[in-house]
Structure formats: structure tokens, C-alpha cells
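> In my numbering, the protein residues as written are 423 to 586.
Sharing a structure, written as C-alpha cells. Questions coming.
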């Protein structure tokens, strides 16, 4: 139940950070866990590290198949308007995650995303991101609730071109 994990506190399972102005930013579910080489890593923790970079607008992390580690880390990263995506920025993001969390949390893939597939209410559709990361492009399920379905087409196109 919601009160059993932390006695006297209501626990929703959502993670959040508080910025320097005192505002809270919901980072995602704390129970969304990746198992990388036997290490349990929260996707929200990795996403939070990525968005600490001044060039990053938002990020979403999902598991992807990995021959050695079992699950790898696939990061979809949307940069702020006017920011160029390049290998130097990727290196900075890899280093930032390694510094904040540890090398085990370093993404295996950073996929520059023009946007993330979200419902009209703003919820990121992680099941779609997982399938794209796995190279599954058909049978994505119901995408009628997406605010902008064209984002999915662009992510698939970029995956085929740059990350296959």
C-alpha cells in the first residue's frame, strides 16, 4: 500500500527533484528499473543526470538488449532550441552521467530526439521508446492518444539511419 513503504508517509512511486528556486520537477517512476550487468539502475536517475546539462531540454531512458550486459541503456535526448547535436555533446553527456552516478550508468546509446512520444496529457509513452530501441517498428500498439504521432516516425527513421 501507499503508506507501507515509508511509515507515516504517502509514497506514490514517483521521483522528483527540487530546483534552486524551490520548484519540484517530476522525473518519473522510481520503480522503472534497468538491470545492467546485475546493477539495478533507475531510469529517472539517469534522466535527471542528463537534463542537468544546460543544452538538454528533456531525456527519456529505456532498456535495450545488450549481448554482454543483458540490458543496455538507451537514452533519447532532446536538446534545447538552437543547440547543435554532435559527438562533443555526446561525450559531455556520457561524462556527466559517469560523474553523477558512475560508469555503469553511462548510456550505451544516445539518440538525438526531436521530441518524445507523449500523450495529450504529457505522459511519455515508454513502451514505444522501448520497442524502437529494440528495433521493433511495427506493432507499436495504440498510438492514437499521442499528441504528435509524427515524432514516432522520426524516431524510427533516425534509429534505422544512425543506430541500427
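Glycine included, C-beta positions come from ideal geometry on N, C-alpha and C.
Small disclaimer: the values here were computed from a predicted structure and weren't measured.
For residue 437, is the classification buried or exposed, using 16 other Cβ atoms within 10 angstroms of its Cβ as the cut-off for buried?
buried
> Does the contact criterion of 3 or more C-beta pairs under 8 Å hold for the region 563 to 582 versus the region 531 to 551?
yes
> Where do the N-terminal and C-terminal ends of the alpha helix (DSSP H) with residue 568 fall, by residue?
From DSSP, residue 568 is part of no alpha helix (DSSP H); its letter is neither H nor E.
> Span of the beta strand (DSSP E) holding residue 550?
Taken as a continuous stretch (DSSP letters only), residue 550 belongs to no beta strand (DSSP E), being part of the alpha helix (DSSP H) at 548 to 555.
> Using three-state DSSP, classify residue 471 as helix, strand or coil.
helix
> So if DSSP puts residue 456 in a beta bridge, which residue, or which two residues, is it bridged to?
463
> Can you say whether residue 496 is buried or exposed, counting buried as having 16 or more other CB atoms within 10 angstroms of its CB?
buried
> Can you tell me which of the three DSSP states residue 512 falls into?
In the three-state reduction of the DSSP assignment, residue 512 falls in the helix class.
> List, from N- to C-terminal side, the alpha helix (DSSP H) runs of 4 residues or more that fit wholly inside the region 488 to 535.
509 to 522
> Comparing C-alpha positions only, which one of 468, 428, 471 and 554 sits nearest to residue 579?
554
> In this structure, what does DSSP give as the bridge partners for residue 434?
For residue 434, which the question treats as bridged, DSSP gives no partner whatsoever.
> Would you say residue 496 touches the ligand PLP, meaning its beta carbon is less than 7 Å from a heavy atom?
The ligand PLP is not among the ligands present in this structure, which contains no ligands whatsoever.
> From residue 573 to residue 474, what does the alpha carbon distance come to, in whole angstroms?
Computed Cα separation, rounded: 24 Å.
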